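Colleague: Handing you a structure now.
Here it is as structure tokens:
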């Protein structure tokens, strides 16, 4: 042995080629040897690709990886490509894989030992036999991993990229391994179509821990007397462990409620009430209905026509990693209503527990359901204290009116199906039947807010939170989060953080907290961290998080990651939102790619997206100097928004058109800007009533345009009204824009003061326009060195210019124009400093971007003059 042994935390992967001896018998020595060589090259290529290290080789491999997610990525690719190799070679190839993580002891053998046949490196430790037991337990094509490896890898699953949509995680319970003192939780990871995704068979070296009632009859007989003697005192001293190893924050699938009463009013209403009651728990996680619907689609089943029963619910649970299926039933027995809930082990489809409660008449149904839910939560292992803390009577937190509850249930189904108009009708019907139905008001608020009807959304939220006793603990937190959307970012962060802390797996809180950090705080780093928590989950709306994460990655200049995020967003089914994927090729100056990306964004003739498509077209055209085409696209966006009465979108499009008009040298642009400012000042007065503060952003950007194009009086007029409103708004984003404009306004009279003012503003979380303002201030103050550095920064951060989310990308076109103008500034300042070669390079880059610019543009003329100076 050379050197000393080293103990390190690593991930071990053990793989074994199934029936390798039979392979030789089937193919013959020579062909089998050729095939084994191909197999080994395949495995080693993937090992290098995923950062693994080979330790040993027999019929399979012993590999070491730094992180579990690397091991999982390797194993997934290996199983898939091994299957494809078998298809090519017309012989069946399959492997078993075990993955475990822990401390290992590593040492290198001496050169003499290696010459005598020893391996280069040795690895020992308890990790190795556990990985071996997992591999031995696995079925052909199966990847099994320990609980430790699963926990770490599952949190990082977003790193799997595009393959994530095909990957499924399964839990198979806790196993007793021969030679291993502790029980080992066993999980499976695999791709649909390749992995078995079912529990492996037991063996003499590994068997699953099972509850007593599922063990052989002899054991039950031996334990019966003891159970009888101890049952009564044990009930008071100990809470029985759940029969399916259920743990805190594990997931359940709620199946369709079977209504055997013949009363149609119970069909949807009781199922919704049951789900609401169970969702109050902080111990049990209920799989969202949207996620169940998505799973059914992947199973090639129609969600609207498929009943989630024992078999279907178990398959969904296994696919999505849920630990149990809950099947509720309502029946009428002897004039009494009986409610029953079965807890089903999805691995065996066996009922682990079944509880029933009864009540007389409709008035007793919801109280009886409260009792049933408490029993069921206790069966799953939740403490009595936790149940008491988070349980509120369903009759109080939903409604006593079953017709209202049914209308609300159908409204939720309409939302899930994307039928917003129908959902509004149903929620309003529920409210007309019970004006105190707070959750129906929340349903209204959700639809109104998502369709930019903020005044109506605010009214609905106000009604929802009027009496918080009519909301469950969880829904109360969500309602307060919605109410905070009409307050300040501080209030939003507080409320969504509270939901995230108390219900860490309810990703509504996590996603909304990330949105606040991104859209209002411009805190890209922290927002990305929260979005990544959502993308690493199976949440049905994680596509939104992938989309927004892509925007952040564009803004940070991480274009490779952004491409993966946008692709994954579409793969997992994200809806459109500002046509975000087009941002990436715009930032990369890829006009043809941007045009192609835009063509893929089907707007379905929805006015908001039709407007967005024209604005993205304007941004594309600006990036190659086609300002006439860009202006036409901005004007088209104005017309579309005006026709659809989308006031904020119309003003955003007008602002883009004004920035382009100034870049064209349009003599009428100044008068148009005055009219725009007058309109926005009027809109600003109405902002508190409409909850639309876009006028604040538009006025901030318009003030900068006025300053840069010779109308400081107009800027001062806008800022005089805007500054006190923005400072009092509680929004740092609005304050930042106003302060940037106010600092820049000092440039004409006090350039040094303008520089000092801008330099004093925070650098972190700053918008792109701050650097644009600094460039103008530095040039006005004659500080050429700082001006050159700032101009270079502007050219190098085109991603931020493109994806700066201030007022819904309101500054995108002005930013892009500033980015191109900065190239000419670099050339001018380098030429002034006597650096002809670097000036020439900057002009070449500008000419490459604007190689077919339309007309005689001011920026093109300036570049031509500089080029002529270089020739002289």
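In my numbering, the protein residues as written are 295 to 1166.
Beta carbons are placed, not taken as given, at the ideal position from N, Cα and C, and that holds for glycine.
As the structure is a prediction and not an experimental result, all values here were calculated from the model.
To the nearest angstrom, report how far apart residue 645 and residue 684 are at their CA atoms.
Modeller: 26 Å
Colleague: Using C-beta distances below 6 Å, list every residue in its chain close to residue 1078, excluding the 5 sequence neighbours before and after it, in chain order.
Modeller: 1123
Colleague: Span of the beta strand (DSSP E) holding residue 351?
Modeller: 347-351
Colleague: What would DSSP say about residue 397, mapped onto helix, strand or coil?
Modeller: strand
Colleague: Run through DSSP, which three-state label would residue 315 get?
Modeller: helix
Colleague: Would you identify the three-state DSSP class for residue 402, choosing helix, strand or coil?
Modeller: strand
Colleague: Is it buried or exposed, residue 876, if we count other Cβ atoms within 10 angstroms and call 16 or more buried?
Modeller: buried
Colleague: Would you mind working out which of 768, 816, 813 sits nearest residue 796, comparing C-alpha positions?
Modeller: 768
Colleague: Taking its Cβ as the centre, do 16 or more other Cβ atoms sit within 10 Å of residue 427, making it buried, or is it exposed?
Modeller: buried
Colleague: Tell me residue 639's beta-bridge partners as DSSP assigns them.
Modeller: 644
Colleague: Does DSSP put residue 705 in a helix, in a strand, or in coil?
Modeller: helix
Colleague: With distance defined between alpha-carbon atoms, name the residue in 601, 751, 702 nearest to residue 984.
Modeller: 751
Colleague: If you drop the 5 nearest sequence neighbours on each side, which residues of the same chain put their C-beta closer than 8 Å to that of residue 585?
Modeller: Answer for residue 585: 614, 832, 833, 834, listed in chain order.
Colleague: For residue 748, I'd like the list of residues in its chain whose CB is within less than 8 Å of its CB, leaving aside the five on either flank, ordered along the chain.
Modeller: 742, 780, 984, 985, 986
Colleague: Considering just the uninterrupted stretch of the beta strand (DSSP E) at residue 622, what are its terminal residues?
Modeller: 618-627
Colleague: Can you tell me which of the three DSSP states residue 305 falls into?
Modeller: strand
Colleague: Bridge partners of residue 479, per DSSP?
Modeller: 468
Colleague: Could you spell out where the beta strand (DSSP E) holding residue 416 opens and where it closes?
Modeller: 415-418 is the extent of the beta strand (DSSP E) around residue 416.
Colleague: Within 8 Å, do at least three Cβ pairs link the region 329-344 to the region 378-389?
Modeller: yes
Colleague: Kindly list the residues whose CB is nearer than 6 Å to the CB of residue 439, restricted to its own chain and excluding five residues on each side of it in sequence; keep chain order.
Modeller: 393, 481
Colleague: Can you list, in chain order, the residues of its chain with a C-beta nearer than 6 Å to that of residue 931? Leave out the 5 residues immediately preceding and following it.
Modeller: Exclusion of the five residues before and after residue 931 leaves 905, 908, 909, 947 as the residues of its chain whose Cβ lies within less than 6 Å of its Cβ.
Colleague: So, at 6 Å on beta carbons, what are the nonlocal neighbours of residue 362 in its own chain, with the 5 sequence-adjacent residues on each side left out?
Modeller: 305, 395, 443, 446, 447
Colleague: Tell me whether residue 579 sits in a helix, a strand or coil according to DSSP, three-state version.
Modeller: strand
Colleague: Taking one C-beta from the region 1030-1039 and one from the region 783-792 each time, how about it: are there three or more such pairs within less than 8 Å?
Modeller: no
Colleague: May I ask you to report which of helix, strand or coil DSSP gives residue 511?
Modeller: Confidence at residue 511 is low in this model, with a pLDDT of 42, below 50, so its placement is unreliable and no value can be given for it.
Colleague: Confirm, please, whether the CB-CB distance from residue 1038 to residue 1013 is below 8 Å.
Modeller: no
Colleague: Return the residue from the list 681, 673, 598 that minimises the CA-CA distance to residue 571.
Modeller: Taking residue 571 as reference, the option from 681, 673, 598 with the minimal CA-CA separation is 681.
Colleague: Residue range of the beta strand (DSSP E) that residue 357 falls in?
Modeller: 355-359
Colleague: By the DSSP assignment, the alpha helix (DSSP H) with residue 739 in it spans what residues?
Modeller: 732-744
Colleague: Under 7 Å Cβ to Cβ from residue 817, same chain only, skipping five residues before and after it: list those, please.
Modeller: 811, 1059
Colleague: In angstroms with no decimal places, state the Cα-to-Cα distance between residue 971 and residue 960.
Modeller: 18 Å
Colleague: According to DSSP, simplified to helix, strand and coil, what is residue 559?
Modeller: coil
Colleague: With DSSP collapsed to three states, give me the class of residue 800.
Modeller: It is coil, neither helix nor strand.
Colleague: When the distance is taken between beta carbons, is residue 843 closer than 8 Å to residue 822?
Modeller: yes
Colleague: May I ask you to list the residues that DSSP assigns as paired with residue 236?
Modeller: Because the chain in this structure spans residues 295 to 1166, residue 236 falls outside the shown range and cannot be described.
Colleague: Measure from the alpha carbon of residue 553 to the alpha carbon of each residue in 846, 564, 688, 543, then state which is nearest.
Modeller: With respect to the C-alpha of residue 553, the residue from 846, 564, 688, 543 having the closest C-alpha is 564.
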